[in-house]
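Enquirer:
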Amino acid sequence: APAPAQAPSAFSKKNRFGVRVGLGSTSLTGENVNESALSSRNGLRAGVFAIFQKTPNIAFEPGLTYVQKGTEVGSDAIKLDYVQISAIGAATFPFQSAARFKLLAGINLNTLISAKTSSDGASMDIKQDTKPFDMGAVIGAGFDLAAGPSLIIVDVRYERGLFSLDDTGGDADIKNSSLSANLGFAF
Numbered sequence: 007a008p009a010p011a012q013a014p015s016a017f018s019k020k021n022r023f024g025v026r027v028g029l030g031s032t033s034l035t036g037e038n039v040n041e042s043a044l045s046s047r048n049g050l051r052a053g054v055f056a057i058f059q060k061t062p063n064i065a066f067e068p069g070l071t072y073v074q075k076g077t078e079v080g081s082d083a084i085k086l087d088y089v090q091i092s093a094i095g096a097a098t099f100p101f102q103s104a105a106r107f108k109l110l111a112g113i114n115l116n117t118l119i120s121a122k123t124s125s126d127g128a129s130m131d132i133k134q135d136t137k138p139f140d141m142g143a144v145i146g147a148g149f150d151l152a153a154g155p156s157l158i159i160v161d162v163r164y165e166r167g168l169f170s171l172d173d174t175g176g177d178a179d180i181k182n183s184s185l186s187a188n189l190g191f192a193f
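Per this note's numbering, residue 7 is the first one in the sequence shown, and the count goes up by one each step.
(1) Between which two residues does the beta strand (DSSP E) holding residue 161 run?
(2) With residue 26 and residue 98 assumed to form a contact (beta carbons below 8 Å), what rounded beta-carbon distance in angstroms separates them?
(3) Whose C-alpha, out of 50, 93 and 66, is nearest the C-alpha of residue 87?
(4) Report the start-end ranges of each beta strand (DSSP E) in the stretch 12-61 that is 3 residues or longer and not cut off at the edges.
(5) With a 10 Å radius around its C-beta and 16 neighbouring C-beta atoms as the bar for buried, classify residue 114 as buried or exposed.
(6) Give me the Cα-Cα distance between residue 35 and residue 191, rounded to the nearest whole angstrom.
(7) Check residue 135 in the structure and name its three-state DSSP category.
(8) Roughly how many angstroms lie between the CA atoms of residue 146 and residue 160, to the nearest whole one?
(9) So who's on the other strand from residue 172, going by DSSP bridges?
(10) Applying the criterion that 16 or more other CB atoms from any shown protein chain within 10 Å of the CB defines a buried residue, is residue 150 buried or exposed?
(11) Rounded to whole angstroms, how far is the Cβ of residue 91 from the Cβ of residue 112, which I believe are closer than 8 Å?
(12) Across the stretch 40-54 and the stretch 124-142, are there enough close Cβ pairs to call them in contact, namely three or more that are closer than 8 Å?
(13) What did DSSP end up calling residue 129 once you bin it into helix, strand or coil?
(14) Given this structure, state the Cα-to-Cα distance separating residue 179 from residue 139, to the nearest angstrom.
(15) Can you look up residue 63 in the DSSP assignment and give me helix, strand or coil?
(16) According to DSSP, what are the bridge partners of residue 153?
Right, here's the structure in full:
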């Protein structure tokens with residue numbers, strides 16, 4: 007008698023689309039930043055992504071995400087909001103039939119949609135002094151967990167800006183830096 011057919015695993019699907027939300031702890035860094043005087047700004051991350059499984063252990067995970075970045079100095083804050091396009095490679099390592107560990111690396115391209123500073127309740131637009139585009143290198147790790155034919159995705163990512171945000175005409179070295187925890191659901 008022939009062997010019974012096995013049901014496909016949640017990991018056998020080659021292409022997926024999903025939604026992701028997260029919380030980022032962000033700050034500014036660079037030669038012209040007194041990092042010891044800064045506190046992190048906690049910000050929302052929400053967006054959509056895809057998973058294109060190229061081999062059983064290699065995937066490409068592009069995404070489009072709204073991201074809040076910036077920093078705080080005492081009661082003052084710098085709030086930078088972006089639309090982020092990510093291009094992330096994932097190396098996946100199954101360790102159970104319903105779970106796999108993954109390492110992430112790639113880049114984020116950020117388009118500035120809002121830049122404000124606030125002090126003593128007053129807010130000032132600083133978009134004209136902030137470069138409209140930013141690029142960051144990304145590394146991270148996470149887990150994909152099978153939920154029927156879908157995946158629940160949990161990951162942590164660190165992003166470091168590659169270029170200065172200063173657009174005042176000077177040469178100040180001020181870059182984004184963020185650590186985020188994310189939860190996604192892929193169909």
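Each residue gets a CB set at the ideal place from its N, CA and C atoms; glycine is no exception.
Expert: According to the structure shown:
(1) In the sequence shown, residue 161 corresponds to position 155, counting from 1. Per DSSP, residue 161 belongs to the beta strand (DSSP E) from 156-167.
(2) Position 20 of the sequence shown, counted from the first residue, corresponds to residue 26. Position 92 of the sequence shown, counted from the first residue, corresponds to residue 98. Between the beta-carbon of residue 26 and that of residue 98 there is about 17 Å, and that puts the pair past the 8 Å contact cut.
(3) One-based indexing of the sequence shown puts residue 87 at position 81. With respect to the C-alpha of residue 87, the residue from 50, 93 and 66 having the closest C-alpha is 50.
(4) Counting only runs of 3 or more, we get 21-35 and 45-61.
(5) In the sequence shown, counting from the first residue as 1, residue 114 sits at position 108. Sixteen is the threshold: when 16 or more other Cβ atoms of the shown chains lie within 10 Å of the Cβ of residue 114, as they do, the residue is buried.
(6) Taking the first residue of the sequence shown as position 1, residue 35 is located at position 29. Taking the first residue of the sequence shown as position 1, residue 191 is located at position 185. Distance from the CA atom of residue 35 to the CA atom of residue 191, rounded to whole angstroms, is 32 Å.
(7) Here residue 135 refers to the residue found at position 129 when the sequence shown is read from its first residue. If DSSP states are grouped into helix, strand and coil, residue 135 belongs with the helices.
(8) What you label residue 146 is simply residue 140 of the sequence shown in a count that begins at 1. What you label residue 160 is simply residue 154 of the sequence shown in a count that begins at 1. Here the alpha carbon of residue 146 sits roughly 11 Å from the alpha carbon of residue 160.
(9) Here residue 172 is taken as the residue at index 166 of the sequence shown, counted from 1. Answer is 136, bridged to residue 172.
(10) Here residue 150 is taken as the residue at index 144 of the sequence shown, counted from 1. The residue is buried, with at least 16 neighbouring Cβ atoms inside 10 Å.
(11) In the sequence shown, residue 91 corresponds to position 85, counting from 1. In the sequence shown, residue 112 corresponds to position 106, counting from 1. Taking the Cβ atoms as the reference, residue 91 lies roughly 11 Å from residue 112, outside the contact range of under 8 Å.
(12) The stretch 40-54 makes no contact with the stretch 124-142; the number of CB pairs closer than 8 Å stays below 3.
(13) By 1-based counting over the sequence shown, the position of residue 129 is 123. Correct three-state label for residue 129: strand.
(14) To locate residue 179, count along the sequence shown from 1; it is residue 173. To locate residue 139, count along the sequence shown from 1; it is residue 133. C-alpha separation (whole angstroms): 15 Å.
(15) On the sequence shown, residue 63 is found 57 positions in, with the first residue counted as 1. Coil, per DSSP.
(16) Reading the sequence shown from its first residue, position 147 is the one you call residue 153. Per DSSP, 156.
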